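Visitor: Going letter by letter, the sequence shown gives residues 93 to 498 in the numbering used here. Note that beta-carbon positions come from the ideal geometry of N, C-alpha and C, so glycine has one too. Fair warning: this is a prediction, and the values are worked out from it, not measured in the lab.
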Amino acid sequence: METDIAAQIQEREQRHLLQNYARYPLALDRGKGSYLWDFKGKRYLDLITGIGVNALGHGHPRILKAIREQSARLIHCSNLYYHEFQGKLAERLCKMSGLDRVFFSNSGAESVEGAIKMMRAHGHRIDPLSKFEIITLDNSFHGRTCGAISVTGNPKYRKDFEPLLPGVRFVPANDIRALESAFSERTAGVIIEVIQGEGGIYPVGLPLLKKARQLCDQFDALLVFDEIQCGIGRAGVHFAYQSLEERILPDVMVTAKPIAVGLPLGAVAANERAAAAITAGMHGSTFGGGVLATRVALEVMDLIDELLPNIRARSDQFKDGLEKLKSKHGFITDVRVFGLMIGIELDRPGKQLVTDAMNAGLLINCTHDTVLRFLPPFTISEREVASALRILGKLFTKPPALPESQ
Ligand SMILES: Cc1ncc(COP(=O)(O)O)c(C=O)c1O
93 METDIAAQIQ EREQRHLLQN YARYPLALDR GKGSYLWDFK GKRYLDLITG IGVNALGHGH
153 PRILKAIREQ SARLIHCSNL YYHEFQGKLA ERLCKMSGLD RVFFSNSGAE SVEGAIKMMR
213 AHGHRIDPLS KFEIITLDNS FHGRTCGAIS VTGNPKYRKD FEPLLPGVRF VPANDIRALE
273 SAFSERTAGV IIEVIQGEGG IYPVGLPLLK KARQLCDQFD ALLVFDEIQC GIGRAGVHFA
333 YQSLEERILP DVMVTAKPIA VGLPLGAVAA NERAAAAITA GMHGSTFGGG VLATRVALEV
393 MDLIDELLPN IRARSDQFKD GLEKLKSKHG FITDVRVFGL MIGIELDRPG KQLVTDAMNA
453 GLLINCTHDT VLRFLPPFTI SEREVASALR ILGKLFTKPP ALPESQ
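Written out as structure tokens, the structure is:
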């Protein structure tokens, strides 16, 4: 930790917080644009943006203005009453996604919960005794609530909480035969991240998505795309499924992270067939779709439309630069760039490089043990990308040691 203030923060947390996070020894004080500062005044180029949340960088003037004006008028009014912004934002999300109706939650996991309830209720309407199974992919991540971990294809998140939801079937990602054999009349729905995020920035291929669409139609099940990490512009299009070579529309799409750039908000968008499963009283949230969060999200939607060209241009710049670094350094085994969702696969654990990058003034993270992950702000400039690539170039000249067993 860099100062007494930071040490005090850490010490207080250690005494009073549930010790469920393994934080890096860094306490942040403020942010502006693509940069963050610690309490000592050291500056960091932020390529992780609160894990894909601060997609407009920090302190964007239009977001600050919207927060200032709206918070002075009305922050919250519950879902007992109407307010101006839920309908407008829902209309906007429907246009962007090709879907028909929206439910607002407060986070990614809560959006996934909404989608799970929708799949289960849809199955229940057709056959209340047996149509309750949900299919999900290995290596997926859908959040930390009991429902969301039940459909998360990584045992490490589930093992301490079992037994979880019954009727969840796990299928290896991109194994079409396994997907086919998991489907039956009992299937209520399938949930898929179009690009797996926590799993290491892996795209799920078009053939599996096409097959999932066809099987959902055949067995009257719901196809759910989890766009919480890869959606809202991150992949260079509004939603990652819109970048596929063929048009595939899900029945339900869940989103969250950057939608209100740090104010808690998530959304479940559904077509009429899926939305019909949820009627009055079946689902709800005290905070969901709050006045301030939805007002800010409308501003975010305007800005994302303006930023799509920059997302694509900076994506190309990263791809080009990272491919060059890969050709120089044998320990980089793959570079995966989808818009500003970027993974660098290493032949060894990446955690040490994350710490080294932090010390060098660059915030990145590591997922799936060996994948360095960047989720830069959509506002990042050409110069800032060049600066990130320069820092990485220096760091990569000293690769971390291989683990002893290798
Ligand atoms: C694809 C995906 N789904 C769901 C979640 C859970 O979102 P939250 O942490 O907002 O609950 C995440 C979070 O990383 C995610 O990446």
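Give, in chain order, every unbroken run of the alpha helix (DSSP H) that is at least 4 residues long and sits entirely within the stretch 179 to 257.
Guide: 200 to 218, 238 to 242, 247 to 250
Visitor: Who does Arg261 pair with in a DSSP beta bridge?
Guide: Ile227
Visitor: For Asn198, I'd like the list of residues in its chain whose CB is within less than 7 Å of its CB, leaving aside the five on either flank, ordered along the chain.
Guide: Pro356, Leu357, Gly358, Ser377, Phe379, Gly380
Visitor: Measure the C-alpha to C-alpha separation of Gly235 and Asn266 and round it to an integer number of angstroms.
Guide: 21 Å
Visitor: Please report the distance separating the alpha-carbon of Ala313 from that of Ala158.
Guide: 40 Å
Visitor: Among the residues of its own chain, which have a CB less than 8 Å from the CB of Ser276, if the five just before and after it don't count?
Guide: Glu225, Phe311
Visitor: Decide if Ile167 is buried, meaning its Cβ has at least 16 other Cβ atoms within 10 Å, or exposed.
Guide: exposed
Visitor: Could you check how far apart the C-beta atoms of Ile227 and Thr279 are, in whole angstroms? I think they sit under 8 Å.
Guide: 6 Å
Visitor: Examine ligand 1 and report whether any of its heavy atoms sits within less than 6 Å of the Cβ of Ala201.
Guide: Under cutoff, so the answer is yes.
Visitor: Where do the ends of the alpha helix (DSSP H) carrying Asn266 lie?
Guide: Counting along the chain, no alpha helix (DSSP H) covers Asn266, and no H or E run does either.
Visitor: On the DSSP bridge list, what partners appear for Val360?
Guide: Phe195, Val346
Visitor: For Met93, which residues of its own chain have a beta-carbon under 6 Å away from its beta-carbon, when the five flanking residues on both sides are left out?
Guide: In this prediction, Met93 scores a pLDDT of 48, lower than 50, which makes its location untrustworthy; the coordinate-derived value is nonetheless stated afterwards. The answer, listed in chain order, is Ala99, Gln102, Pro117.
Visitor: Please report the residue range of the alpha helix (DSSP H) in which Met393 lies.
Guide: 383 to 420
Visitor: Given a threshold of 16 other Cβ atoms within 10 Å of its Cβ, counted over all protein chains shown, does Thr489 qualify as buried or as exposed?
Guide: exposed
Visitor: Taking the alpha helix (DSSP H) that Glu105 falls in, what are its first and last residues?
Guide: 96 to 108
Visitor: Provide the residue span of the alpha helix (DSSP H) that contains Glu156, from first to last.
Guide: The sequence given here places Leu at residue 156; Glu does not occur at that position. 153 to 165 is the extent of the alpha helix (DSSP H) around Leu156.
Visitor: What does DSSP give as the partner residue(s) for Cys458 in the beta ladder?
Guide: Leu464
Visitor: I need the boundaries of the alpha helix (DSSP H) containing Ile293, first residue and last residue.
Guide: Counting along the chain, Ile293 sits inside no alpha helix (DSSP H), nor does DSSP assign it H or E at all.
Visitor: For Pro350, count neighbouring Cβ atoms within 10 angstroms of its own Cβ and tell me buried if that reaches 16, exposed if not.
Guide: buried
Visitor: Using the rule of at least 16 other Cβ atoms within 10 Å of the residue's Cβ for burial, across every protein chain shown, is Ser222 buried or exposed?
Guide: exposed
Visitor: What is the rounded straight-line gap between the Cα of Arg104 and the Cα of Trp129?
Guide: 21 Å
Visitor: Reducing DSSP to helix, strand and coil, say where Phe177 ends up.
Guide: helix
Visitor: Can you give the beta carbon distance from Val506 to Ile208, rounded, assuming they're within the 8 Å contact cut?
Guide: Residue 506 lies beyond the range of the chain shown here (93 to 498); nothing can be said about it.
Visitor: Looking at the structure shown, is Tyr333 part of a helix, part of a strand, or coil, going by DSSP?
Guide: helix
Visitor: Hey, would you say Ala304 sits closer than 7 Å to Leu191, going by beta carbons?
Guide: no
Visitor: Report yes if the CB atom of Gly328 is closer than 7 Å to the CB atom of Arg404, and no otherwise.
Guide: yes
Visitor: Taking Cβ to Cβ, would you say Leu139 is nearer than 7 Å to Pro401?
Guide: no
Visitor: Starting from Ile143, trace the alpha helix (DSSP H) in both directions and tell me its first and last residue.
Guide: 141 to 144
Visitor: Helix, strand or coil for Val477? Go by DSSP, reduced to three states.
Guide: helix
Visitor: Just verifying my parser: in three-state terms, what is the DSSP assignment at Met93?
Guide: Residue placement at Met93 cannot be trusted, given a pLDDT of 48 that sits under 50; what the coordinates show is reported in the next sentence. Correct three-state label for Met93: coil.
Visitor: For Ala317, count neighbouring C-beta atoms within 10 Å of its own C-beta (all shown protein chains included) and say buried if the count is 16 or more, exposed if not.
Guide: Correcting the residue identity first, residue 317 is Phe in this sequence and not Ala. Buried, by the Cβ-count rule.
Visitor: Give the straight-line distance between the Cα atoms of Thr462 and Leu181, rounded to the nearest whole angstrom.
Guide: 38 Å
Visitor: Can you tell me which of the three DSSP states Leu341 falls into?
Guide: Looking at Leu341 - three-state DSSP - the assignment turns out to be coil, as it is neither helix nor strand.
Visitor: Could you check if Ile283 belongs to the surroundings of ligand 1, using beta carbon to heavy atom distance under 6 Å?
Guide: Ile283: no, Cβ never under 6 Å from ligand 1.
Visitor: Compute the Euclidean distance between the alpha carbons of Ser175 and Ala164, then round it to the nearest angstrom.
Guide: It is His, not Ser, that sits at residue 175 in the sequence shown. Straight-line Cα distance between these residues: approximately 15 Å.
Visitor: Name the DSSP beta bridge partners of Asp130, please?
Guide: Leu120
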